[in-house]
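In UniProt numbering, the protein residues as written are 1 to 554. Glycine included, every Cβ here is placed at the ideal spot set by N, Cα and C. Since the structure is predicted, the reported quantities are computational estimates derived from the model, not experimental observations. The next block holds one structure in the form of structure tokens; read it before the comments.
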Amino acid sequence: MKTDIQIAQEAKIENIIEIAKKVGLTEDDIEQYGKYKAKVNLDVLKKLENRKDGKLVLVTAITPTPAGEGKSTVTVGLTQALNKLGKSSVAALREPSLGPVFGMKGGATGGGYAQVIPMEDINLHFTGDLHAIGVAHNLIAACIDNHINSGNALDIDITKISWKRVVDMNDRALREVVIGLGGKVNGVPRESSFQITVASEIMAALCLANSLMDLKDKIRNMVFGYSKDGKALTVGELKIEGAVTALLKEALKPNLVQTLENTPVFIHGGPFANIAHGCNSILATKLALKLSDYAITEAGFAADLGAEKFLDIKCRKGNLKPNCVVIVATVRALKHHGGAKELSEENVEALEKGIANLDKHIENMKKYNLPVVVAINRFVSDTEKELEFIEKHCKKLDVPVALCEVWAKGGEGGISLAKEVITQLEREIDDYKPLYPLELSIKDKIEIIAKEIYGADGVEFSTGAKKMLKTIDELGYGDLPVCMSKTQKSLSDNAALIGRPTGFIVTINELRISAGAGFIVAMAGDIIDMPGLPKKPAAELIDIDENGKIEGLF
């Protein structure tokens, strides 16, 4: 069996100019990064502002398991299938982060015959967006410490600086550090820490910006810490928002690449789906909508995290109106949620227990008044009896379901899914509504998400979180949406509670103000924004030969 990278390297890749032409873009509309990658100039959206948007389809999934679900693979396969049916479809995906690429997860360009190429470039440095975001973020960090060292006119409380430094690599040794050691010439000593670049508020803001000046405003409003009298301090008070935005001028432009079947794909931005909203940029999604009849996008982790944030945060910020949700499920993952240990063996009993997890995600997406289609992402170990059980179960719920074999067959394996999606889109339903109104208090918004989406009985706030609720209101940030930070492994905030847990309380330990990005982060559980490498990292599998050919990337 060929590996993902072998399949990708054997693909017939087209010049990016030809890919651009497929969606009506000229050479003047793009900036080429070699023969197979390009950035799209932002003035394209201005030129297309009067063109009618296509339909917006969100691909999400059941609660992740070690068995894998294949959300990106289905997203790529679905857009390939729609194009095979003669439809104009463009996918919009997140950019991979180097930390997971060299860590446990590996790359993020799909799999099998439903991939985005050139996968080696996309998974490694790509067009340099993450590097630009990292430098922009660290410029703010450097200016904070320089301001303190130069007299501290803003009276910054060095014990209440919330702005960390970033690096795009999993490195647990950087979670807690002391900086400024070595005497006065090296600055003021203080405790600090690093987070992975994709957890930066700069990343979140870039992905939620509608223009370059909108991004500049977001950067100006970012809170980096507090003065000794409790005042929230912003990047604008450091007078560096222009410099930071200048570093992001090229990074803000969406990246254009292609699938294995030479269909266009925008890959742009990749905020952490725990700390931030876990979706690609608004600009990439808007381009996909203007340049095709069917824009297919995804959101990080399961529907309780990525999809909820897509629908309650991203769609609000970008004035987007989704038309359909695809929930990806696998036999293996559902058996895991049903308590099965050996996932390759037929086990309908475990499947019957685990399918409650799928049921909850279906119920949640319907709360947004959106049609739902279930995609069963097929694995070779799935039996006909197991597949039939899921199909019958979904039909009892009156939910369209389709077997998806895009990993093995590419677009051809997604035809039945594409047809189900088209059927839902032809119903012309336009009833999407967010889960909660922004006028509610932050506390109420958190409780609605916890009860309605997670199925919790209630929410408990730590002493610090309660104090921060008051501070948020006093500072005037109470009308922002909430970005929940919790484990992706459970509907609850306890990773051990698989399936569809009930009778639990969600505990909010901390609240963070992301005023630039435009949301409040509610920290539930022990989420780390600087992951570590596993005992055997994926980096050990990656190699390169004398001709520059990369192996072992997946």
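- Message: Taking the alpha carbon of Leu233 as the reference point, which residue from Gly300, Ala515, Lys52 and Ala114 has its own alpha carbon closest?
- Response: Checked all of Gly300, Ala515, Lys52 and Ala114; the closest Cα to Leu233 is Ala515.
- Query: Do Arg165 and Lys360 have their C-beta atoms within less than 7 Å of each other?
  - Reply: no
- Taking Cβ to Cβ, would you say Val116 is nearer than 7 Å to Thr109? yes
- Query: Just checking my contact of Asn123 with Leu553 at CB under 8 Å: how many whole Å lie between their CB atoms?
  - Reply: 6 Å
- Message: In this structure, how does DSSP classify Met484 when only helix, strand and coil are distinguished?
- Response: strand
- Query: So which of Leu417, Ser490 and Ile550 has the shortest CA-CA distance to Ala524?
  - Reply: Ser490
- Task: Give the straight-line distance between the Cα atoms of Lys396 and Thr502, rounded to the nearest whole angstrom.
- Result: Taking the straight line from one Cα to the other gives about 23 Å.
- Query: What is the C-beta distance between Gly242 and Lys216, in whole angstroms, given that I count them as a contact (C-beta under 8 Å)?
  - Reply: 7 Å
- Task: Quick one: give me the first and last residue of the beta strand (DSSP E) that Met523 is part of.
- Result: Phe519 to Ala524
- Sort Arg220, Val188, Asn41 and Pro189 by Cα distance to Glu201 and report the nearest one. For the options Arg220, Val188, Asn41 and Pro189, the alpha carbon positioned closest to that of Glu201 is the one of Arg220.
- Asn186 classed as buried or exposed, judged by whether at least 16 other C-beta atoms fall within 10 angstroms: Asn186 is classed as exposed because its beta carbon has fewer than 16 other beta carbons within 10 Å across all chains shown.
- Query: Which full runs of the beta strand (DSSP E) of 3+ residues lie inside the stretch 439-488, going along the chain?
  - Reply: As summarised for the stretch 439-488, the continuous beta strand (DSSP E) elements at least 3 residues long and confined to that stretch are 458-461 and 482-485, given in chain order.
- Task: Assign Val178 to one of two classes, buried (16 or more other C-beta atoms within 10 Å of its C-beta) or exposed (fewer than that).
- Result: exposed
- Spell out the partners DSSP gives Glu510 in its beta bridges. Met523
- Report the three-state DSSP secondary structure of Phe194 (helix, strand or coil). strand
- Query: Which value, in whole angstroms, describes the spacing of the CA atoms of Leu475 and Thr330?
  - Reply: 45 Å
- Item | Contacting residues, own chain, Cβ-Cβ under 6 Å from Glu14 (five flanking each side not counted) | Asn262
- Query: Exposed or buried, which one is Ser382 when buried takes at least 16 other CB atoms within 10 Å?
  - Reply: Checking the sequence, you will find Asp at residue 382 rather than Ser. By the neighbour-count criterion, in which a residue is buried when 16 or more other Cβ atoms sit within 10 angstroms of its Cβ, Asp382 is buried.
- Would you call Val90 buried or exposed, if buried means 16 or more other Cβ atoms sit within 10 Å of its Cβ? By the C-beta density criterion, Val90 is buried, having at least 16 other C-beta atoms within 10 angstroms.
- Buried or exposed by the 16-neighbour rule on C-beta atoms within 10 Å, applied to Gln258: buried
- Answer yes or no: do Ile275 and Ser485 have a C-beta to C-beta separation smaller than 7 Å? yes
- Message: So if DSSP puts Glu428 in a beta bridge, which residue, or which two residues, is it bridged to?
- Response: Beta-bridge pairing links Glu428 to no other residue.
- On the DSSP bridge assignment, give the partners of Lys71 in chain order. Lys71 is not bridged to any residue.
- Item | C-alpha gap between Leu435 and Gly180, whole angstroms | 45 Å
- Whose C-alpha, out of Ala142, Ile296 and Gln9, is nearest the C-alpha of Ile59? The question names Ile, but residue 59 in the sequence shown is Val. Comparing Cα positions, the closest option is Ile296.
- What are the boundary residues of the alpha helix (DSSP H) that includes Leu215? Segment Leu212 to Arg220, the alpha helix (DSSP H) holding Leu215.
- To the nearest whole angstrom, what separates the beta carbons of Lys55 and Asn323, a pair I think is in contact under 8 Å? 4 Å
- Message: Just to confirm the assignment: which complete beta strand (DSSP E) runs, minimum length 3, are found wholly within the stretch 64-147?
- Response: 89-93 and 114-117
- Query: Which class does Asp157 belong to by DSSP, given the choice of helix, strand or coil?
  - Reply: strand
- Item | Val178, enclosing alpha helix (DSSP H) - first and last residue | Per DSSP, Val178 belongs to no alpha helix (DSSP H); it is in the beta strand (DSSP E), Val177 to Ile179.
- Message: Given this structure, state the Cα-to-Cα distance separating Cys80 from Lys321, to the nearest angstrom.
- Response: Residue identity check: residue 80 is Gln in the sequence provided, not Cys. One alpha carbon belongs to Gln80, the other to Lys321, and they sit about 23 Å apart.
- Does DSSP put Val406 in a helix, a strand or coil? helix
- Does the beta-carbon distance from Ala61 to Ala302 come in below 7 Å? Yes, the Cβ-Cβ distance between Ala61 and Ala302 is below 7 Å.
- Task: Evaluate contact between the stretch 339-352 and the stretch 405-424, counting only Cβ atoms and requiring at least three cross-stretch pairs below 8 Å.
- Result: no
- Message: Let's see if you can read the secondary structure: which residues bound the beta strand (DSSP E) around Ala60?
- Response: The amino acid at residue 60 is misidentified as Ala; the sequence shows Thr. Where Thr60 is concerned, the enclosing beta strand (DSSP E) stretches over Lys55 to Ala61.
- Query: Which value, in whole angstroms, describes the spacing of the CA atoms of Ala142 and Lys535?
  - Reply: Approximately 33 Å between the Cα atoms of the pair.
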